[in-house]
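The listed protein sequences derive, respectively, from chains A and B.
Numbering-wise (UniProt numbering), the first sequence opens with residue 1 and increments by one.
Numbering-wise (UniProt numbering), the second sequence opens with residue 1 and increments by one.
Contents: one structure, followed by commentary.
2 protein chains.
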Amino acid sequence: MSSTSTSLSSGHSAQLIDGKAFAATLRNRVREEVQAFHARHAVTPGLAVVLVGNDPASEVYVRNKAIQTHHAGMRSFMHMLPETTSEEELLGLVDRLNKDPEIHGILVQLPLPAGLDARRVTNAIAPEKDVDGLGEVNAGRLAVNLPGIVPCTPLGCLLLLRDQLGDMTGLHAVVIGCSNLVGKPLALMLLAEGCTVSIAHIHTRDPAAIAREADILVVATGCRELVRKDWVKPGATVIDVGITRTTTPDGKSRLVGDVAFDEVATVAGRITPVPGGVGPMTIACLLSNTLAAARLQIEGKLP
Amino acid sequence: MSSTSTSLSSGHSAQLIDGKAFAATLRNRVREEVQAFHARHAVTPGLAVVLVGNDPASEVYVRNKAIQTHHAGMRSFMHMLPETTSEEELLGLVDRLNKDPEIHGILVQLPLPAGLDARRVTNAIAPEKDVDGLGEVNAGRLAVNLPGIVPCTPLGCLLLLRDQLGDMTGLHAVVIGCSNLVGKPLALMLLAEGCTVSIAHIHTRDPAAIAREADILVVATGCRELVRKDWVKPGATVIDVGITRTTTPDGKSRLVGDVAFDEVATVAGRITPVPGGVGPMTIACLLSNTLAAARLQIEGKLP
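Below is the structure:
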């Protein structure tokens with residue numbers, strides 16, 4: 001439903017995976033489910049987003065999260081704290097949000113300013129309100145296949161893959177990049193889908209050879225245009241998580257991914273563009289996780 | 001130090017990885033460290049082992065755990081409960097052990113009788129006393145690379161590999177089997193060592209082809225003699241976690257692993273035997289974990 005059935009342009013054979021359209025559909029579904037949830041319980045899910053310091057990119061992210069939360073019919077609470085905030089002050093805020101019955105999801109925007117321990121703060125969020133899924137309890141639930149809240153970006157990748165491929169049992173998925181934010185949780189999710197999973201990273205000796213084995217290739221490295229045409233098995237599904245702003249020779253600004261899109265699109269079966277692929281899925285999954293957290297707290301179980 | 005430097009017998013080229021000798025060394029080290037811990041704090045680490053029901057194999061395991069704990073200079077407490085024990089009774093016992101300052105480690109022997117939720121019971125053990133490392137908090141700490149208590153059998157595999165190979169950065173490790181007990185935690189540990197990691201399992205289409213890529217091949221499937229000579233790259237290090245009792249044509253009983261030892265030993269560089277490979281490491285790692293748990297509780301951090 002969310003892929004074009006024609007080729008992209010001359011020389012491209014891959015179908016485009018339209019994350020923007022899929023994310024819009026998901027956001028609409030969340031909005032409807034929020035209404036139904038409110039009808040059942042007279043409770044509106046609430047998301048608290050905490051930003052410490054003045055990183056301009058983070059300010060854009062949290063603003064977008066707040067606006068889209070509001071558009072989905074949920075309550076959105078912003079806490080913007082100065083760079084000088086101490087860890088104790090931040091942990092105090094998290095503690096109050098943990099206890100606040102109007103708040104069903106808490107997100108502390110990363111990275112935190114130097115001197116604040118991101119891991120300590122993340123783990124302080126109550127697991128049932130940890131809508132980023134980055135705390136150790138939710139990470140553990142994912143690792144042992146228990147229901148939990150999973151991180152938004154890998155969840156977005158998984159939803160796109162399920163939509164494109166259906167049953168993934170037995171497919172070989174190769175994940176390049178092994179961060180706690182994307183690579184590792186996605187590898188565990190794909191394992192739970194029945195994929196054979198390989199994880200490559202900065203120390204991998206021949207990443208191209210491993211990538212070429214992939215039926216599903218997910219790239220989350222932050223190295224722009226790392227993956228070239230000869231890294232990709234013909235017909236493979238390629239998910240590009242990377243996004244880097246670059247300047248073209250004519251001085252224009254452009255967003256590029258971790259995959260050299262133009263050449264890889266000539267061999268891949270399906271591919272996400274950058275922008276408009278995984279990116280829009282992240283916030284849509286945050287909304288979905290916030291609703292899921294509210295259902296967990298009010299109805300006692302995850303949807 | 002724990003491998004023979006000569007070949008095993010005619011036709012074998014692999015060095016034998018002597019888990020029995022390595023485990024004895026580890027147990028001795030734990031005993032010495034227990035004495036030093038007692039000298040520092042006047043506290044003796046205590047392990048509580050809980051067995052529900054009358055499974056004969058489990059009775060042997062818990063008895064061996066108790067005896068070896070005692071031999072290592074620690075206190076050993078056995079709780080043997082009838083098959084009819086309710087989940088509430090079992091959770092009540094776990095709760096009392098969680099609060100008991102003489103108990104630093106708690107192990108509930110699995111499998112539990114039908115009707116008892118192993119996951120619920122495992123997660124009820126306080127994370128700092130969870131010496132089997134199977135609770136969701138310790139699983140999460142492993143997944144996100146935080147210090148925690150890791151499961152005994154994969155820890156035993158890792159210690160053998162570190163002893164044999166030293167720095168594993170960049171080696172391709174293939175783990176066959178993706179259980180919560182062995183395969184998944186070991187994959188995460190090998191990733192933390194800097195290995196490229198592939199995980200194969202029952203749904204993997206060509207496990208032999210993936211296994212042949214391995215510099216390090218770990219097999220934990222419970223399928224006896226699954227891995228044959230043509231699954232192994234010459235010179236690879238092979239760790240066999242499986243153990244199955246079988247009967248030979250002449251009526252004798254024999255233990256075999258998941259690896260066809262005689263033929264794989266002609267191509268592998270190093271290989272664990274069954275028995276005497278990974279098996280003895282599991283209890284030695286339990287003792288090591290119990291001491292680590294005591295240090296975490298008394299000294300505030302893991303060794």
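Quick reminder that beta carbons are idealized off the backbone N, C-alpha and C, glycines included.
Under the Cβ criterion of 9 Å, SER198 of chain A is counted among the residues facing chain B. With contacts defined as CB atoms closer than 9 Å, SER76 of chain B and LEU51 of chain B fail to qualify as a contacting pair.
LEU165 of chain B and GLY115 of chain A have their C-alpha atoms some 37 Å from each other.
Residue state for GLN109 of chain A is assigned as coil, using DSSP reduced to three classes.
For the 9 Å CB-CB criterion, ALA14 of chain A and GLY269 of chain A form a contact.
SER253 of chain A carries a strand assignment under DSSP once its states are collapsed to helix, strand and coil.
For LEU171 of chain A, the closest alpha carbon among the candidates B:ILE125, B:PRO207, B:GLY156, B:ASN138 is that of B:PRO207.
Counting C-beta pairs with one atom in each stretch, the segment 127–137 of chain B and the segment 147–155 of chain B have three or more that are closer than 8 Å, which means they touch. With contacts defined by Cβ atoms closer than 9 Å, VAL60 of chain B and MET78 of chain B do not form a contacting pair. Judged by DSSP in its simplified three-state form, LEU81 of chain B adopts strand. In this structure, VAL232 of chain A keeps its C-beta atom at 9 Å or more from the C-beta atom of GLY257 of chain A. The shortest C-alpha to C-alpha distance from ASN54 of chain A to any of A:ALA42, A:LYS65, A:LEU112, A:PHE37 is the one to A:LEU112. CA-CA distance, LEU159 of chain B to PHE22 of chain B, rounds to 9 Å.
For the segment 171–184 of chain B, the residues whose beta carbon sits under 8 Å from a beta carbon of chain A are, in order, HIS172, CYS178, ASN180, LYS184.
Of all residues in the segment 243–262 of chain B, none is placed with a Cβ closer than 8 Å to any Cβ belonging to chain A. Around the Cβ of ASN64 of chain A, a 10 Å sphere holds fewer than 16 other Cβ atoms; the residue is exposed. Proximity to ALA66 of chain B across B:LEU286, B:GLU299, B:LYS301 peaks at B:LEU286, based on C-alpha coordinates. Using a Cβ-Cβ distance cut-off of 8 Å, the segment 27–45 of chain A and the segment 83–96 of chain A are not in contact, since fewer than three pairs of beta carbons, one from each stretch, lie closer than that value. When the beta-carbon positions are compared, ILE239 of chain B and ILE216 of chain B come within less than 9 Å of each other. Just so you know, the alpha carbons of GLY177 of chain A and ILE199 of chain B end up roughly 16 Å apart. Straight-line measurement puts the Cα of SER179 of chain B at about 13 Å from the Cα of LEU142 of chain A.
Sequence-distant partners of LEU107 of chain B (beyond 5 residues in either direction) whose C-beta falls short of 6 Å from its own C-beta, in its chain, are VAL49, VAL131, ASP132. Residue burial is scored here from C-beta neighbours: ASP18 of chain B has at least 16 other C-beta atoms within 10 angstroms and is therefore classed as buried. Comparing C-alpha distances from GLU33 of chain B to each of B:LYS301, B:ALA139, B:ALA292, B:ILE298 shows the shortest one belongs to B:ALA292. The segment 252–267 of chain B makes no contact with the segment 89–101 of chain B, as fewer than three CB pairs between them are under 8 Å. For ASP230 of chain A, the closest alpha carbon among the candidates A:LEU191, A:THR44, A:ILE210 is that of A:ILE210.
In the displayed model, ILE149 of chain A falls within coil according to three-state DSSP, outside both helix and strand.
Residue burial is scored here from C-beta neighbours: THR272 of chain A has at least 16 other C-beta atoms within 10 angstroms and is therefore classed as buried. Between the alpha carbons of ALA42 of chain A and ASP163 of chain A lies a distance of about 32 Å. Taking the beta carbon of LEU165 of chain A as reference, no residue of chain B falls within 8 Å; the closest one sits roughly 14 Å away. Taking the CA atoms as reference points, GLY140 of chain B sits about 20 Å from ALA294 of chain B.
Residue pairing from DSSP places VAL49 of chain A in a beta bridge opposite A:MET78, A:LEU107. Here ALA187 of chain B has VAL175, VAL197, ILE199 as same chain residues with Cβ atoms under 6 Å from its own Cβ, once five neighbours each way along the sequence are excluded. For the 9 Å CB-CB criterion, VAL144 of chain A and ARG119 of chain B form a contact. By the C-beta density criterion, PRO56 of chain A is exposed, having fewer than 16 other C-beta atoms within 10 angstroms.
In the displayed model, HIS70 of chain A falls within a helix according to three-state DSSP.
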